[in-house]
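In what follows, a single structure is set out as structure tokens and then discussed.
Numbering (UniProt numbering), first residue to last: 1 to 118.
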């Protein structure tokens, strides 16, 4: 039989979930900015093979993908968020637990997998 969760515990878990979701959003933004830097780098490489070596080097550094450890950390956060969503269940209302789960799978996990493979 499941024990009822105390309101303070529910709020604590919701706050943690919000923090984890913000971390996932931040990582997604980092990936997008690195992809944009990569596109800029490719354009500059095609335009000039010999000029502006410093600018190209700066873009190369900005375009460098996150480390494997950073990806592993994000996967752990996705798993933790899914566990919190399951635990909180019907205590979540806007968005609902199922909407949050769908968001994690569609916006984060699938996006990170495709980036990591590519």
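Where is the CB? At the ideal position from N, CA and C, for every residue including glycine. Only a predicted model underlies this, so the values are computations on that prediction, with no experimental measurement involved.
Point to revise | 9 Å Cβ cutoff met for residue 121 and residue 9 | key: Because the chain spans 1 through 118 in this model, residue 121 falls outside it and cannot be assessed.
Exercise for review: Can you have a look at residue 27 and say buried or exposed, based on whether 16 or more other CB atoms are within 10 angstroms of its CB?
Suggested key: Buried: at least 16 other Cβ atoms inside 10 Å.
Point to revise | residue 72: first and last residue of the uninterrupted alpha helix (DSSP H) it sits in | key: Segment 68-88, the alpha helix (DSSP H) holding residue 72.
Check your understanding: Thinking just about the alpha-carbon of each residue, which of 29, 7, 60 and 11 is nearest to the one in residue 43?
Key -> With respect to the C-alpha of residue 43, the residue from 29, 7, 60 and 11 having the closest C-alpha is 60.
Check your understanding: How would you write the range of the alpha helix (DSSP H) that residue 92 sits in, first residue to last?
Key -> Where residue 92 is concerned, there is no enclosing alpha helix (DSSP H), given that its DSSP letter is neither H nor E.
Check your understanding: When you compare only the Cα positions, how much space is there between residue 71 and residue 7?
Key -> Between residue 71 and residue 7, the alpha-carbon positions lie close to 33 Å from each other.
Review point. When we look at the beta-carbon of residue 29 and count the other beta-carbons within 10 Å, is it buried (16 or more) or exposed?
Key: That one is exposed.
Review point. Taking C-alpha atoms, which residue in 23, 37, 102 and 87 lies nearest to residue 11?
Key: Ranking 23, 37, 102 and 87 by Cα distance to residue 11 puts 87 first.
Point to revise | Own chain partners of residue 21 with C-beta closer than 7 Å, once the 5 adjacent residues on each side are dropped | key: Excluding positions up to five away in sequence, the list reads 81.
Exercise for review: Would you mind giving the Cβ-Cβ distance between residue 74 and residue 17, rounded to the nearest angstrom? I have them listed as a contact below 8 Å.
Suggested key: Not really, about 15 Å apart at Cβ, beyond 8 Å.
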